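Numbering of the sequence shown is given in the UniProt record's numbering, commencing with residue 1 and proceeding in unit increments. Ideal Cβ placement from N, Cα and C applies to all residues, glycine included. From a predicted model like this one, the values you see are computed outputs, not experimental measurements.
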Amino acid sequence: MSATFNFKLLSAFVSVAEHGSFRKAAEQSFVSLPAISMQVKQLESQLGVALFHRTTRRVELTPEGEELLISARKALAELDSGLARIQQAANAQQGNLAFACVPTVAGTRLPAVLTAYARHYPGIAVRVRELTHHDLLEAVRRREVDFGIGPVEDKRPDLEFHPLFNDEYCALLPHGYRHNGRQAITLREVTRLRLLTLAPNSMFRNHLEAALQASGIKADLGYEFTHASTLIAMVEAGLGAGILPRIAIPRGTTLTAVRITRPALHRTIAVVTIRGYTLSPAGARLVEMLGSGDAA
1 MSATFNFKLL
11 SAFVSVAEHG
21 SFRKAAEQSF
31 VSLPAISMQV
41 KQLESQLGVA
51 LFHRTTRRVE
61 LTPEGEELLI
71 SARKALAELD
81 SGLARIQQAA
91 NAQQGNLAFA
101 CVPTVAGTRL
111 PAVLTAYARH
121 YPGIAVRVRE
131 LTHHDLLEAV
141 RRREVDFGIG
151 PVEDKRPDLE
161 FHPLFNDEYC
171 ALLPHGYRHN
181 GRQAITLREV
191 TRLRLLTLAP
201 NSMFRNHLEA
211 ALQASGIKAD
221 LGYEFTHAST
231 LIAMVEAGLG
241 AGILPRIAIP
251 RGTTLTAVRI
261 TRPALHRTIA
271 VVTIRGYTLS
281 PAGARLVEML
291 GSGDAA
């Protein structure tokens, strides 16, 4: 027959056994002598055996008590170790983190943030999956990752989107295009150039096509690329003008990037989770740094 008892009773037993005295155990545990005596008696009652030989001068373990002491020390050590691991995870000092991120964010804002994160939280093992928007949502939905970083999408009742920052769409103009110092260009004007875009499986492409249709603009989208870096290289070579989220455009590029107007285009980058999911402390800290662009 198994006995059910708590770790408080075990702790009292171990303290008495190690001190060889109920009085010393009570003093070290900051409890009364009757209280610690009652705890040991309760444990003995639950086990159905005597754990100590009690005399007026000393307290000695019975054979059953000696056997229990070995097991109790192991159990208490394991409990302490488990509590320490939980505390380390709560302090984002140890653990694992897996998340998915759309490539336009993974290749731009994420490197500096992850470098800072690794410096502050070296005990966290991080696994990043670069996925298109559709694949990212599926990875989150199937719980293959803890969360995703990608654009907000409506009509996904099984998922929650917590906004991080807004990201406007820009036209990336080739060298030699006369923009006369303007900071903006209309969507119709930029489509008069050869237009370079990302592949159709991106949320960005869906936004662009919806805007073209709503504005009654017919555009040749014959040049498509999977990666933003490739598209930028093509603009640099003079193939045409690109349309990209601003975050995907390198800060040091010599190309001219201007925002698009009539209509203005933008997306909201968010943390994507299963509805009702709470981020771990490690995940919450990374999201906080990503949202603020903190790389300090």
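Residue range P281 to S292 is occupied by the alpha helix (DSSP H) that includes A282, with no beta strand (DSSP E) assigned at that position. Distance from A139 to A100 at the Cβ level is roughly 5 angstroms; contact confirmed, criterion being Cβ atoms closer than 8 angstroms. Just so you know, the alpha carbons of L195 and R182 end up roughly 19 angstroms apart. Residue state for A50 is assigned as coil, using DSSP reduced to three classes. D146 is classed as buried because its beta carbon has at least 16 other beta carbons within 10 Å across all chains shown. Spatial neighbours of S29 in its own chain (CB-CB distance under 6 angstroms, excluding positions within 5 residues in sequence) are listed in chain order as S15. The C-beta distance from F161 to V272 rounds to 6 angstroms, short enough to meet the 8 angstroms contact threshold. An exposed status is given to H175, since fewer than 16 other beta-carbon atoms sit within 10 Å of its beta-carbon.
The shortest C-alpha to C-alpha distance from N96 to any of G291, R23 and A282 is the one to A282. A distance of 9 angstroms or more separates the beta carbons of L198 and A241. The three-state secondary structure of I249, taken from DSSP, is coil.
Collapsing the DSSP output to three states places I243 in a strand. In this structure E44 is buried. Its beta-carbon is surrounded by 16 or more other beta-carbon atoms within 10 angstroms. Taking 9 angstroms as the cut-off, the beta carbon of V31 is found no closer than this to the beta carbon of L9. By the Cβ neighbour-count rule, P200 is exposed, with fewer than 16 other Cβ atoms within 10 Å of its own. Per DSSP, reduced to three states, the secondary structure at N206 is helical. The beta carbons of E144 and R129 sit closer together than 9 angstroms. In this structure, E153 lies away from H266, with their beta-carbon atoms at least 9 angstroms apart. The C-beta separation of H133 from V102 comes to about 6 angstroms, placing the pair in contact by the 8 angstroms criterion. Across the set P163, R285 and I217, the C-alpha of P163 shows the shortest separation from the C-alpha of T268. The alpha-carbon separation between L61 and L51 amounts to approximately 6 angstroms. The DSSP-derived three-state label of L61 is strand.
Here V235 is not near L212, since their CB atoms are 9 angstroms or more apart. Counted as a single uninterrupted DSSP element, the beta strand (DSSP E) harbouring A184 occupies residues A184 to T186. Taking all protein chains shown into account, R285 has 16 or more neighbouring C-beta atoms within 10 Å of its C-beta and is therefore buried. In the structure shown, the three-state DSSP call for V145 is coil. In the displayed model, L10 falls within a helix according to three-state DSSP. Annotated three-state conformation of F22 is helix, per DSSP.
The three-state reading of DSSP puts Y169 in strand, counting E and B together. Taking the Cα of L68 as reference, the smallest distance to any Cα among G252, H19 and F13 is reached at F13. In the structure shown, the three-state DSSP call for L131 is coil.
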